[in-house]
Amino acid sequence: MDNRSDVWRGVDTIKPRFIELSDRVWAMPEVCYTEARSCAEHLAELRHQGFRITENVAGIPTAVIGEWGEGGPVIAFMGEYDALPGLSQEAGVAEHRPVESGGHGHGCGHNLLGSSALLAATAVKDWLAENKVPGRVRYYGCPAEEGGAAKAFMVRSGAFADADIAITWHPHSFWEVAVTPSLANTRADFSFTGRTSHASASPHLGRSALDAVELMNVGVNYMREHMPSDARVHYALLDTGGIAPNVVQAHARVRYSIRARDLPGMNELVERVHKIAQGAALMTETKVEMKIISAVSNILPNTPLEQELHRIMEELGPPHFDDADKDFAGKIRATLTDKDIASVYYAIGMEPTDRPLADFLVPIDAKRNPLIGSTDVGDVSWVVPTVQVHAPTVAIGTPFHTWQVVAQGKTPAAHKAMVQAAKAMAGLGVRALLDPKLIEAAKADLTRRTARTPYVSPLPAHVAPPLTMSVA
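For the record, in the sequence shown the residue sitting at position 377 is 376 according to numbering that gives the first Met the number 0, with numbers rising by one throughout.
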């Protein structure tokens, strides 16, 4: 019986506290960087478990680090606990039933994400204490993954500088090593300023900022034909300048999310979008100011860590779901379309099945057709060898960032997958502590991948985390 089996059983002995924790994280009225109550819950558990605490990481009140152990390698576990706006939903019901009109919810499962990562860190801490092995386990409590790029700010501050490997996970439809690439992403606001006037009596005196925003959007739409096919550009209107059509709008603001396969490609695309905004200002005789809100890098894979994690997940097997789990998952699937279900199977290169929950491990070499998003885990992966677990917390086919994810966020099935993810992460952490060659191979892989393009933070030096309120 090996040490990894011991640490997996150790997870089972302490999991009730973390299942409760996964049910007790909250979103604040303003979502990004305001996860005060969620952060407080994680801090309380870190203190209870005897971790050394660092608060206000990178100047972010809701970012924390807990560390345990002395000497040896540093094994980092990354957790998240942020939410999404407008996804309020009663847990455990398979119909759209908001708890609060316009309220927020964990539509990407981050209530589970942080709890499982902290559970894994705690299990490795207990293993270190029992076996008296040199090494440090470190838990990173990371806010604002959804659009806030907190990890990018944390990386820039040096918070990951001495970590040897980084391990995390994400709720998903399947049990697999996460080998899907991600897109580098910049979010930037373009604020136009014009001149107000009476839209009927003296329209010639006005200069419409709203016109500038509309012209910018048209220009970006024409650009889409002439950018890489795997790049993405989308926008949201934040300020239309008022609700009176008889007043020329003197101000307007639009937020753009600009994504590309890698950092150089993203930076080039950001500059092109900026030029279009300047052209729109020139055409309308307005002024434009560009302000970068956040930026993240694409994920770098790490073959040695991915291969070892796959072996561990194969040995563990997927979560064991019972008939009640499958019955509720079936009710959720009844709210989905055939296209929703086919889409996630297509992403892993499989034909759709009738399984309500994933009871199999996706081969690491499956011919995937990835559905690509962005994450601030990418920035960590450029400075620390990084690997991720995907665990089936939702019915197969559930689109993320939806009420259906929130509805499943406290179910027994989600808790089972959360604990299984913690076992896989803890098992890899122990494996790395026992085998220095694994860490050496992981670092060599990262060095090779960054040899031609060293990491440069996508965040301009003057950009600070967009903190919107005091959460001390």
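All C-beta atoms, glycine included, are put in the ideal place defined by N, C-alpha and C.
Beta-ladder partner(s) of residue i, from DSSP
| i | result |
| --- | --- |
| M417 | In DSSP, M417 forms no bridge with anything. |
| Q387 | T167 |
| Y234 | Y255 |
| W174 | L360 |
| W67 | V136 |
| K366 | According to DSSP, K366 bridges with nothing at all. |
| L52 | The displayed chain sequence assigns Ile, not Leu, to residue 52. I52 pairs with G65. |
| E79 | C141 |
| R206 | R194 |
| E74 | According to the sequence displayed, residue 74 carries Ile and not Glu. I74 is bridged to V136 and I164. |
Limits of the beta strand (DSSP E) - the one that residue i falls within
| i | result |
| --- | --- |
| C141 | G134 to C141 |
| P303 | Run containing P303: none in the beta strand (DSSP E); it sits in the alpha helix (DSSP H), T302 to L315. |
| F189 | A183 to T192 |
| I292 | K286 to V295 |
Candidates the options: closest to residue i by CA position
| i | options | result |
| --- | --- | --- |
| I314 | M424, P227 and P72 | Going by the sequence as given, residue 314 is Glu instead of Ile. Ranking the options by Cα distance to E314, first place goes to M424. |
| G157 | V455, P465 and D11 | V455 |
| S87 | D125, H400, K274 and T449 | H400 |
| G85 | A35, C31, K131 and A75 | C31 |
| V219 | A200, D229 and I257 | I257 |
| E54 | N110, G101, E94 and C141 | C141 |
| D324 | A75, L308, P391 and T374 | P391 |
| Q48 | L118, T167 and A333 | L118 |
| P15 | A35, S114 and T61 | S114 |
| T192 | E44, Q277, N368 and D321 | Q277 |
| T296 | A149, G91 and V56 | One detail in the question is off: residue 296 reads as Ser in this sequence, not Thr. Per the Cα distances, A149. |
| D358 | A294, V393, A200 and V379 | V393 |
| G240 | H250, R231, V232 and H233 | H250 |
| R137 | A259, W402 and D125 | D125 |
Buried versus exposed, by CB contacts within 10 Å (16 or more), residue i
| i | result |
| --- | --- |
| E224 | exposed |
| K366 | exposed |
| R252 | buried |
| P317 | buried |
| T12 | exposed |
| T452 | exposed |
| L458 | buried |
| V414 | Looking at the sequence shown, residue 414 is not Val but His. H414 is buried by the Cβ-count criterion. |
| D210 | buried |
| N301 | buried |
| L182 | buried |
| S228 | exposed |
| A352 | According to the sequence shown, residue 352 is Thr rather than Ala. Classification for T352: exposed. |
| L214 | buried |
| I242 | exposed |
| Y221 | exposed |
| V98 | exposed |
Integer-rounded CB distance, given that residue j should sit under 8 Å from residue i
| i | j | result |
| --- | --- | --- |
| A122 | A440 | Wrong, their Cβ atoms sit about 24 Å apart, outside the cutoff. |
| E69 | R51 | Actually they are not in contact, since the Cβ atoms of E69 and R51 sit about 10 Å apart, beyond 8 Å. |
| A165 | T385 | 4 Å |
| V404 | C38 | About 21 Å separates the two Cβ atoms, so there is no contact after all. |
| N245 | A208 | Not confirmed; about 16 Å, so no contact. |
Residue interval of the alpha helix (DSSP H) (run including residue i)
| i | result |
| --- | --- |
| V123 | H109 to N130 |
| C38 | A35 to H47 |
| S265 | The question names Ser, but residue 265 in the sequence shown is Met. Residues L262 to T283. |
| K330 | D322 to R332 |
| D339 | D337 to A346 |
| I438 | P435 to T449 |
| F399 | It is not in any alpha helix (DSSP H) - F399 carries neither H nor E in the DSSP assignment. |
Near the ligand GDP: residue i beta-carbon under 8 Å from a heavy atom
| i | result |
| --- | --- |
| E305 | This structure lacks the ligand GDP, and indeed carries no ligand of any kind. |
Interface flag, residue i vs chain B, CB-CB below 9 Å
| i | result |
| --- | --- |
| K330 | No chain B appears in this structure, which consists of one protein chain only. |
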